[in-house]
Amino acid sequence: MTGADHEPLKHDAVARLRGRSIVLVGLMGAGKTHVGKRLAAFLDLPFVDTDQEIEEAARMTVAELFAAYGEPEFRALEARVVARLIDGPQHVIATGGGAFINEETRRILKERSVTIWLKADLDTLMERVSKRPTRPLLKTADPRATMKNLMDARYPIYRTADIHIHSRNAKRDTIAREIVQSLAGRSSHRKAAS
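Positions in the sequence shown are counted from 1; adding 100 to them yields our numbering.
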């Protein structure tokens with residue numbers, strides 16, 4: 101991201117964070133990792149993906165963890181990883197789709213970070229997740245119906261995030277820039293786009 105307003109925009113966004121991390125929440129396929137990397141580069145902050153952190157700690161993939169221990173144990177590990185990251189230095193953090201659903205994790209994130217919901221429609225999510233067949237929650241007879249059920253259950257919770265950004269088939273830089281503009285107080289994305 102470049103342009104005449106790059107540095108002032110970056111400065112304003114970072115200043116308004118007051119040292120807090122940025123945490124991206126949303127369903128699988130919303131673009132948290134890809135957009136998060138662009139956002140981190142723009143703000144000169146480190147990027148971390150909680151799923152990658154979990155895989156490194158467990159020395160297993162997310163799919164292997166789900167298969168071996170089940171979703172409840174995975175979510176407990178995820179909550180510990182998120183808490184550790186939030187207590188560390190300022191980052192841009194991409195969470196797994198279920199992390200923000202955990203009430204205690206959500207409370208910690210709301211208190212100690214700026215939460216950003218990347219909201220996408222069903223068609224966009226399905227197009228994106230179809231490229232990665234390793235999603236354990238979608239290993240069902242009807243992945244589209246499963247995704248729709250996840251949307252129905254989780255969107256009301258994601259809606260409590262500080263900032264809402266419409267994730268769509270746009271350049272990652274475009275979405276990242278919208279986040280920065282919102283962080284800098286130059287857009288209407290706060291609790292909008294519901």
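Virtual Cβ for every residue (Gly too), placed ideally from N, Cα, C.
Closest in C-alpha terms to ARG268, from the list ALA167, ILE257, SER230, LEU222, comes LEU222.
Using a Cβ distance threshold of 9 Å, PHE147 and GLY129 do not count as a contacting pair.
At the C-beta level, SER121 and ILE193 come within 9 Å of one another. With the rule of 3 Cβ pairs closer than 8 Å, the region 274-284 counts as touching the region 109-117.
Spatial neighbours of GLY196 in its own chain (CB-CB distance under 7 Å, excluding positions within 5 residues in sequence) are listed in chain order as THR150, ASP151, GLU178. Cβ-Cβ distances below 8 Å link THR224 to GLY129, SER267, ARG268, ASN269 in the same chain, with the five nearest sequence neighbours on each side left out; the list follows chain order. The three-state secondary structure of SER230, taken from DSSP, is coil. Here ALA270 carries a coil assignment [DSSP, helix/strand/coil].
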